[in-house]
Amino acid sequence: MKILSKRKAIFFVLPGLALIFVFLIFPAIWSLFLSLTNYSLLQDSLEFVGLDNFFRMFTDSRFWHSLNLTFQFVLGSAVIGQVALGLLLAIILRNTQGIMKKLLNGFAVASWIIPSVVVAYLWGAFLDVDYGLLNRIVGLVGMNSKDWLTQYPMPVIIIWNSWRGAAFSMMLFTSALQTVPPSYLETADVIGASFWDKFKDILLPSLKNYIGTDLILITLWTFNLFTPFLLTKGGPANATEILPIYTYNEAFKYMRFGYGSAVSVVMLLINLIFALFYFRSMKGGNG
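For the sequence shown, the UniProt record's numbering gives the first residue as 1, with consecutive numbering after it.
Pasting the structure below:
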């Protein structure tokens, strides 16, 4: 019976493992192989070049510029933007009742579930230099219209992604706040504790593990995010060419698949470092 049950378990697991291999493991292995070649759609031959693509990458100023922009984007829109905004919204929802709570929750979740392509084009229309709603509002207060996507490209995509992804953090923290015993906060109210004291001494310790989990997921998602391409295409003058866009340009614009694969391998290693750092931090905090 035990052998039969093990066979049944393997039978049920195999389809999932097959999908993981086809869509995750094999592409990763193939990318690693291509990163060691000069594969390009502009030439018929494929030659093994070893680590040449990686040496070229680490001497390419565009790569370092792109890496710097990526860290700015992750720090601004994930660590500060989405996590902080999501936590703020969760606390507001906790202290809001009735129709206002439903409206706030609905607007936040809508920004997350609407397809990224739709959101990007809506923001493009909102920021349009000639007919955008933002410039209409700016004009009403006596200020000059601005070409937001040209003059402030990085702040725009940081704010856009923070607004876009804050709902996930909000829902996670809303669920976490429900685990905080109401008696703790009621006792704090009785002794006259301020909001900051309640947040620092009661809410924040209760949310520590949830914040760590959220940081892991949001950081990895944001680091690999390609959708800013829909707003700026990496411009102007590579001002928003974060690593996913840089990889796309090298592989599909300049047809250097080998070099693009090398960049993707480095991105994978950076993602692993992020994940290990957060896991070790959480483990150390729990210890």
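Here a beta-carbon is modelled for each residue, glycine too, at the ideal position from N, C-alpha and C. Please read all numbers here as calculations on a predicted model, not as lab measurements.
Outcome for residue i when other beta-carbon atoms lying within 10 angstroms are tallied against a minimum of 16
i	result
Trp148	buried
Phe257	buried
Asn53	buried
Trp30	exposed
Asp214	buried
Phe63	buried
Ile245	buried
Met1	Low local confidence applies: a pLDDT of 48 at Met1 is under 50, so the model's placement there is unreliable, with the coordinate-based value given in what follows. It counts as exposed.
Phe229	buried
Ala251	buried
Phe11	exposed
Ser77	buried
Thr247	buried
Met143	exposed
Ala176	buried
Leu203	buried
Ile99	exposed
Ile113	exposed
Ser261	buried
Ala9	exposed
Ala28	exposed
Residue from the options with nearest C-alpha to residue i
i	options	result
Thr227	Thr240, Leu140, Ile216	Thr240
Val180	Asn105, Asp189, Ser206	Ser206
Ile159	Ile191, Phe11, Val119, Glu186	Val119
Ser264	Leu34, Phe23, Leu14, Pro15	Leu34
Leu242	Val74, Ala9, Asn105, Thr59	Contrary to the premise, residue 242 reads as Ile rather than Leu in this sequence. Of the listed residues, the one whose Cα sits closest to Ile242 is Val74.
Tyr39	Tyr259, Val266, Phe71, Ile270	Tyr259
Ser66	Val13, Asn238, Gly50	Asn238
Tyr210	Ile191, Ala188, Met171	Met171
Asn271	Ala108, Ile80, Phe71	Phe71
residue 367	Val13, Gln43, Leu51	Not covered by the structure: residue 367. The range shown for the chain is 1 to 287.
Gln151	Arg56, Pro236, Ile273	Pro236
Gly234	Ala125, Lys208, Gln178, Ile157	Ile157
Beta carbon of residue i nearer than 8 Å to that of residue j
i	j	result
Phe26	Leu36	no
Thr232	Pro153	yes
Thr174	Ala90	yes
Leu103	Met255	no
Alpha-carbon to alpha-carbon, residue j and residue i
i	j	result
Asn161	Gln82	8 Å
Val117	Thr96	32 Å
Arg7	Ile20	20 Å
Leu127	Asn135	7 Å
Lys200	Asn249	45 Å
Phe23	Gly16	11 Å
Leu69	Asn224	13 Å
Gly139	Asp130	11 Å
Asn93	Ser45	Reading off the sequence shown, one finds Leu at residue 93, where the question assumed Asn. Each residue's Cα considered, the two are about 60 Å apart.
Ala18	Ser194	55 Å
Leu185	Lys101	20 Å
Lys253	Thr59	20 Å
Leu32	Trp123	36 Å
Ala125	Val141	20 Å
Residue i beta carbon near the ligand FMN (any heavy atom closer than 7 Å)
i	result
Ala251	The model depicted lacks the ligand FMN and carries no ligand whatsoever.
Below-8 Å beta-carbon distance, residue i vs any chain C residue
i	result
Trp30	Of the protein chains in this structure there is only one, and it is not chain C.
Contact the segment 156–169 vs the segment 78–89: 3+ CB pairs below 8 Å:
yes
Three Cβ pairs or more, each shorter than 8 Å: is that satisfied between the segment 265–285 and the segment 216–227?
yes
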